[in-house]
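**Student:** For what it's worth, numbering that gives the first Met the number 0 labels the leading residue of the sequence shown as 0, then goes sequentially.
Here a beta-carbon is modelled for each residue, glycine too, at the ideal position from N, C-alpha and C.
Please read these numbers as outputs of a predicted model, since none were measured by experiment.
If you scroll down you'll find the structure; I have some questions about it.
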Amino acid sequence: MSAAPEHDLPAAALADTVFVARRRELLAELARILPATRVISEPEMLRVYECDGLSAYRQAPLAVALPDSEAEVVAILKLCRRLGVPVVARGAGTGLSGGAYPHAQGLLLVTARMNRMLEINAEARYAIVEPGVRNLAISEAVAAHGLYYAPDPSSQLACSIGGNVAENAGGIHCLKYGLTVHNVLALRLVTIDGEVLELGHMAPESAGLDLLALAIGSEGLLGVVTEVTVRLLPRPPLARCLLAAFADLAAAGEAVAAIIAAGVIPAGLELMDRGATEAVERYIGAGYPADAAAILLVESDGDAHTVAAEIEQVCAILTAHGATELRLAADEAERQRFWAGRKAAFPATGTIAPDYYCMDGTIPRRHLGDMLTAIAAMQARFGLRCVNVFHAGDGNLHPLILYDANESGALERAEAFGAEILELTVRLGGSITGEHGVGIEKIGQMCVQFGEAERHAMHRLKAAFDPPGLLNPGKAIPSLHRCAEYGSRHGHHGTPQPFAELPRF
């Protein structure tokens with residue numbers, strides 16, 4: 000029997016036919032751009048790329064391409080534009096908001112092979128690198144010159160600079176030295192049409208609109224980064240880390256606000272609650288006190304006189320706000336051990352629960368106590384434990400909600416718990432993300448933080464760079480339809496009230 004004409008096929012079969020044809024054409028064209036070893040289409044190999052660090056959500060892409068030059072990125076994007084194939088860019092895959100979650104009918108463009116350091120200029124204090132270069136590798140490469148790259152996310156051993164640009168990554172020392180946006184001088188960005196844009200400049204100020212700042216944190220919606228020029232800083236001659244223990248979690252939060260209010264800007268100011276410190280002690284033994292409800296890690300850097308004066312001032316503030324123990328790292332080895340514990344907080348938490356859901360929001364520092372009290376009440380209501388790790392100095396929260404994905408309804412409860420935390424950050428006058436981005440994880444809460452006019456402006460801006468909407472579709476900026484659905488499910492109508500008009504915790 001002969002095959003039925005295509006127009007007589009059922010809708011589902013017709014869709015499958017179109018899908019198969021698109022995939023076949025995409026793979027054939029990719030074979031003309033890349034060697035076979037750098038195009039992945041086998042189902043078992045695609046599973047390696049089905050998620051980023053937000054592993055609760057998994058989906059295989061249509062195919063994976065691994066370019067190793069800007070010219071190949073240009074050719075791939077032109078191809079996808081011609082075929083109408085969605086493109087999701089991915090670096091090391093350490094992102095925690097699903098920014099690199101694949102599109103089922105799209106291409107995953109992985110820049111990990113683009114890992115060359117193109118230029119290091121120690122005299123002018125900059126480095127030009129490809130997007131696949133690891134964050135920590137930059138500091139390692141320039142250490143002999145007494146320089147380093149300041150943003151230091153906890154995943155800096157593995158995360159790539161291209162991903163840092165996409166999410167505007169921060170880190171432990173971003174309070175004093177800034178986020179990625181404050182430490183990148185220029186970018187090369189390829190649009191979906193294959194046009195290469197040069198954004199930013201080596202000069203302190205460049206003419207025109209600040210498209211560099213627009214691109215940093217744009218989560219792959221505007222283009223694919225192929226080159227990054229980063230600012231290098233001289234390594235401080237001295238750094239000392241102070242550990243402060245508190246018997247009360249809210250008091251630790253109030254001490255953070257008091258330090259900043261006094262005009263002190265430490266190099267790092269981190270908060271961990273007892274759940275986090277207990278997990279870290281079992282995991283690597285950082286030397287944290289076992290009986291503290293919370294600890295603060297406060298780092299001062301600079302010359303010896305500046306460091307000594309700052310530590311003395313901070314100790315007085317912490318004592319006045321109820322610190323039960325103050326411990327200054329005795330030497331560099333102990334300082335490194337304190338920070339190793341903080342950077343190990345996420346993997347350590349993974350040893351005390353089958354799964355955890357990592358949140359990321361930012362609030363004004365004066366509301367840290369309010370937020371900590373609220374999270375304690377939410378734990379009881381949702382029946383889930385929450386471990387708290389904060390970049391407390393700039394109000395960036397990382398609550399880790401513990402759950403077991405094998406338990407029916409547990410992930411949904413964790414998501415609802417996380418959504419409530421994020422919506423409270425908005426009511427407190429903060430933001431639903433501090434450094435992890437929106438991705439797919441927080442797209443519902445974008446409907447809470449921004450009104451229809453703001454979201455519409457974001458869509459128009461994306462369309463200016465990506466008219467067909469093929470770059471990372473469905474991420475970061477919710478559609479009006481999605482917001483209407485979210486509002487009907489959660490009872491939101493319009494812009495939320497400010498925190499001052501809502502009950503205080």
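#1: Based on Cα-Cα distance, which residue from L53, P346, A70 and T190 lies nearest to D465?
#2: Quick check: what's the CA-CA separation for R313 versus A292?
#3: Cβ of A256 within 7 Å of any heavy atom in the ligand ADP?
#4: Determine the burial state of F18: buried for a count of at least 16 other Cβ atoms within 10 Å of its Cβ, exposed for fewer.
#5: Among the candidates G473, G262 and F389, whose CA atom is the shortest distance from the CA of A99?
#6: How should L367 be labelled, buried or exposed, when 16 other C-beta atoms within 10 angstroms of its C-beta is the threshold for buried?
#7: Can the beta-carbon of I316 be found less than 8 Å from the beta-carbon of L327?
#8: Between V141 and A165, which are expected to be in contact by the criterion C-beta below 8 Å, what is the C-beta distance as a whole number of angstroms?
#9: For H397, which residues does DSSP report across the bridge?
#10: From E414, R234, P467 and A136, pick the residue whose C-alpha is nearest to that of C79; which is it?
#11: Count the other C-beta atoms from every protein chain shown that fall within 10 angstroms of the C-beta of S154, then say buried if there are 16 or more, exposed otherwise.
#12: Is the beta carbon of M201 sitting closer than 8 Å to the one on L213?
#13: Would DSSP call I119 helix, strand or coil?
#14: Between I400 and R23, what straight-line distance do the alpha-carbon atoms span, to the nearest angstrom?
#15: Have a look at S138, L82 and L76 and flag the residue whose alpha-carbon is nearest the alpha-carbon of T110.
#16: Write down every uninterrupted run of the beta strand (DSSP E) in the segment 137 to 201 whose length is 3 residues or greater and which is fully enclosed by it, in chain order.
#17: Under 8 Å, do D51 and G92 count as touching if we go by C-beta distance?
#18: Check the C-beta distance from A266 over to E280 and give it rounded, since I have them as a contact under 8 Å.
#19: Between which two residues does the beta strand (DSSP E) carrying Y282 extend?
#20: At 4 residues or longer, what runs of the alpha helix (DSSP H) sit wholly inside the segment 48 to 91?
#21: By DSSP's criteria, D302 is part of a beta bridge. Which residues make up the other side?
#22: Sort out for me which residues DSSP pairs R239 with in a bridge.
#23: May I have the straight-line CA-CA distance separating N182 from L231, to the nearest angstrom?
#24: Would you decide whether E5 is buried or exposed? Buried here means 16 or more other CB atoms lie within 10 Å of its CB.
#25: Please name the residue, chosen from R81, T225, N114 and L208, that lies closest to L186 on a Cα-to-Cα basis.
#26: Sort out for me which residues DSSP pairs R133 with in a bridge.
#27: Tell me the start and end of each unbroken alpha helix (DSSP H) in the segment 308 to 377 that is at least 4 residues and wholly inside, in chain order.
#28: Using 8 Å for Cβ pairs, my map puts L270 next to F389. What's the rounded Cβ distance?
#29: Buried or exposed: where does D369 fall if 16 or more other Cβ atoms within 10 Å of its Cβ makes it buried?
#30: With DSSP run on the structure shown, which of helix, strand or coil describes F416?
#31: Whose C-beta lies closer than 6 Å to the C-beta of D393 among residues of the same chain, with five residues either side of it excluded?
#32: Report the residue from V132, A278 and E331 whose alpha carbon sits nearest the alpha carbon of P346.
#33: Pick helix, strand or coil for A252, following the three-state DSSP scheme.
**Tutor:** In short, the structure shows the following:
#1: In the sequence shown, counting from the first residue as 1, residue 465 sits at position 466. For the residues L53, P346, A70 and T190, the minimum Cα distance to D465 belongs to T190.
#2: Residue mapping note: residue 313 aligns to position 314 of the sequence shown, counting from 1. Residue mapping note: residue 292 aligns to position 293 of the sequence shown, counting from 1. Per the sequence shown, the amino acid found at residue 313 is Val instead of Arg. Taking the CA atoms as reference points, V313 sits about 20 Å from A292.
#3: Among the ligands in the structure shown, none appear at all, so the ligand ADP cannot be discussed.
#4: As a working note, residue 18 is residue 19 in the sequence shown. When all chains shown are included, F18 counts as exposed.
#5: Start at 1 with the first residue of the sequence shown, and residue 99 comes out as number 100. Nearest in C-alpha terms to A99, of all of G473, G262 and F389, is G473.
#6: Looking up residue 367 in the sequence shown gives position 368. That one is buried.
#7: On the sequence shown, position 317 is the one that residue 316 refers to. On the sequence shown, position 328 is the one that residue 327 refers to. No, Cβ-Cβ distance for I316 and L327 is not below 8 Å.
#8: The residue you call residue 141 lines up with position 142 of the sequence shown. The residue you call residue 165 lines up with position 166 of the sequence shown. With 8 Å as the limit, V141 and A165 do not qualify as a contact, their Cβ atoms being about 23 Å apart.
#9: In the sequence shown, residue 397 corresponds to position 398, counting from 1. According to DSSP, H397 bridges with V388.
#10: As a first step, residue 79 must be located in the sequence shown, where it is residue number 80. With distances taken between Cα atoms, C79 lies closest to P467.
#11: One-based indexing of the sequence shown puts residue 154 at position 155. The residue in question, S154, is buried, as its Cβ has 16 or more Cβ neighbours within 10 Å.
#12: Within the sequence shown, numbered from 1, the residue matching residue 201 stands at position 202. Within the sequence shown, numbered from 1, the residue matching residue 213 stands at position 214. Not a contact, by the Cβ cut-off of 8 Å.
#13: Numbered from 1 along the sequence shown, position 120 holds the residue referred to as residue 119. In the structure shown, I119 sits in a strand (DSSP, three-state: E or B).
#14: Locating residue 400 in the sequence shown gives position 401, counting from the first residue. Locating residue 23 in the sequence shown gives position 24, counting from the first residue. Between I400 and R23, the C-alpha separation is close to 42 Å.
#15: Translated into the one-based positions of the sequence shown, residue 110 becomes position 111. T110 has its Cα closest to that of L76, out of S138, L82 and L76.
#16: The qualifying runs are 183 to 189 and 195 to 199.
#17: Within the sequence shown, numbered from 1, the residue matching residue 51 stands at position 52. Within the sequence shown, numbered from 1, the residue matching residue 92 stands at position 93. Yes, they are a contact pair.
#18: The residue given as residue 266 occupies position 267 in the sequence shown. The residue given as residue 280 occupies position 281 in the sequence shown. With 8 Å as the limit, A266 and E280 do not qualify as a contact, their Cβ atoms being about 24 Å apart.
#19: Taking the first residue of the sequence shown as 1, we reach residue 282 at position 283. Where Y282 is concerned, there is no enclosing beta strand (DSSP E), although the alpha helix (DSSP H) it sits in stretches over R273 to Y282.
#20: List check, alpha helix (DSSP H) in window: 69 to 82.
#21: Counting from one through the sequence shown, the residue named residue 302 turns up at place 303. In the DSSP assignment, D302 is bridged to no other residue.
#22: For the purposes of this step, residue 239 is taken as residue 240 along the sequence shown, with counting starting at 1. Beta-bridge partners assigned by DSSP to R239: S299.
#23: Position 183 of the sequence shown holds residue 182. Position 232 of the sequence shown holds residue 231. Their Cα atoms are separated by approximately 8 Å.
#24: Stepping through the sequence shown from its first residue, residue 5 is reached at position 6. With a pLDDT of only 41 at E5, under 50, the local geometry of the prediction cannot be trusted, and the value read off the model is given with reservation. Counting Cβ neighbours within 10 Å, E5 comes out exposed, since fewer than 16 surround it.
#25: For the purposes of this step, residue 186 is identified with residue 187 of the sequence shown, where counting begins at 1. Comparing Cα positions, the closest option is T225.
#26: The residue given as residue 133 occupies position 134 in the sequence shown. DSSP output for R133 lists S159 as bridge partner(s).
#27: Entirely contained in the segment 308 to 377, the alpha helix (DSSP H) runs reaching 4 residues are, in chain order, 331 to 342 and 344 to 348.
#28: Against the sequence shown, residue 270 aligns to sequence position 271. Against the sequence shown, residue 389 aligns to sequence position 390. Contact annotation, L270 with F389: C-beta distance approximately 4 Å; criterion of less than 8 Å satisfied.
#29: Position 370 of the sequence shown holds residue 369. So D369 ends up on the buried side.
#30: Sequence index remark: in the sequence shown, residue 416 carries index 417 (1-based). Residue state for F416 is assigned as helix, using DSSP reduced to three classes.
#31: Translated into the one-based positions of the sequence shown, residue 393 becomes position 394. Result list for D393: L174, in chain order.
#32: Start at 1 with the first residue of the sequence shown, and residue 346 comes out as number 347. Closest in alpha carbon position to P346, among V132, A278 and E331, is A278.
#33: As a position in the sequence shown, residue 252 is number 253, starting the count at 1. As written in the sequence, residue 252 is Gly, which differs from the Ala given in the question. Reduced to three states, the DSSP call for G252 is helix.
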